[in-house]
Amino acid sequence: MTLDVKKLFCGLKSKAPKTPAAIPDFNKKSKIRSKRSNPSCTYNIEFDSRKQWPQCADIINIIREQGQCSGCWAVASSSVFTDRYCIERAKKGLKTPVSDPDNQSSDEEILSCTLPNYGCNGGAPWDAWQYMKNKGVVSGSNFEQKTGCKPYSINPETDGPVPTPQCVSKCTNSRWSIPYKNDKKFVIWTGGIPGDMKIPEIVKAMKNEIKANGTITAAIDVYTDFYHYGEGVYKRTNGNFVASHSIRIIGWGTQTCSGRVQPFWLVINSWGKQWGMNGVFMIAQGSNECKVEAWGADFGTPKV
């Protein structure tokens, strides 16, 4: 996989745009998986949004696959909105079945309609959350399911780079019965955690937000060895910088190996279930590994 292809699997820009990134095809080639854990290591999950809100576990467990479109910023933001919509309903005693396509927000709409419109060339989660607050977001499933108002139209198996889907104010799924305007869900409040605080303060703020309201949109700098992640707590061991990448943090815990304790963040990626631990990974916490703390976090409260 070339560096240009690797970049397609990322796509995070700062508010003043930085380097875009990309995504690998993990189906077509054998993977050399890095050894990040060993049998002597034990893991203690201290907080997991799926356990805290079990009614939303199936929704949080949805693993997105952005394909070779640098749209991680949109996919991560949309998936956190989906998680938090379920969590806000759970707080009110309401059920949010994963089988109902209306309960999954459209990655495609955020990707194609958020301004400034960089789309598959990268973007910023903050802008995505502002779009959901001001314009709302319709429903939309992944590429395979093809349901909801605006399902994801980018085939994960298509070699990139791929063009950004056109922003249209209508449902792209002709079989969807709910009108576009009636399908909209909104964010009533947006917030963030700045990355310029001291690392322990950032860790505390991120934990407090996740514990109170659920998953958050965060980010890391990606290096070439990350593409070969297989299991355990990730720490960069080698490789060159590729690009910055938006992720979804769902919890945290500790890894203990030979008496040595390593805190970690529990994270869901957007590279499909073929990557990592069925789409999930752990990354070292509290040491600003790959700038996971320095990038800060973005989130919001969906209207229920």
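Position in the sequence shown (first residue = 1) + 1128 = our numbering. The C-beta atom is built at its ideal place from N, Cα and C for all residues, glycine as well. None of these values were measured; they are calculated from a predicted model.
Taking all protein chains shown into account, ARG1212 has 16 or more neighbouring C-beta atoms within 10 Å of its C-beta and is therefore buried. A residue is called buried when at least 16 other Cβ atoms come within 10 angstroms of its Cβ; ILE1348 meets this threshold and is buried.
Distance from the CA of GLY1367 to the CA of VAL1203, rounded to the nearest whole angstrom, comes to 25 Å.
By the neighbour-count criterion, in which 16 or more other beta carbons inside 10 Å mark a residue as buried, PRO1244 falls on the exposed side. Inclusion of ALA1412 and TYR1362 in the CB contact set at 8 Å is warranted, their separation being smaller than that value. Residue range 1388-1396 is occupied by the beta strand (DSSP E) that includes ARG1388. Of THR1384, ALA1252, ASP1132, the smallest CA-CA separation from LYS1141 is found for ALA1252.
For LYS1261, same chain residues with a beta-carbon under 6 Å away, outside a window of 5 residues either side, are VAL1315, THR1318 in chain order. Contact check for CYS1169 and GLY1360: beta-carbon distance about 7 Å, within the 8 Å limit, so the pair qualifies.
The C-beta of ARG1192 has 16 or more other C-beta atoms within 10 Å across all chains shown, which makes the residue buried. SER1233 is positioned such that its CB atom lies closer than 8 Å to that of SER1267. For ARG1217, the enclosing alpha helix (DSSP H) stretches over residues 1200-1219.
In this chain, ARG1192 is not harboured by any beta strand (DSSP E), its DSSP state being neither H nor E. At a cut-off of 4 residues, the continuous stretches assigned as alpha helix (DSSP H) that sit fully inside the stretch 1269-1347 are 1327-1341. Take the alpha-carbon of SER1302 and the one of PRO1391: they are about 47 Å apart. Taking a C-beta distance under 8 Å as the contact criterion, SER1206 and VAL1265 qualify as a contact pair. Excluding five sequence positions before and after ILE1377, the CB atoms of its chain that fall closer than 6 Å to its own CB belong to ILE1344, ALA1346, TRP1393, VAL1395, given in chain order.
Straight-line spacing of the CA atoms in LYS1431 and PHE1209 works out to 10 Å.
With a contact defined as Cβ atoms closer than 8 Å, GLY1320 and ASP1255 miss out at about 12 Å.
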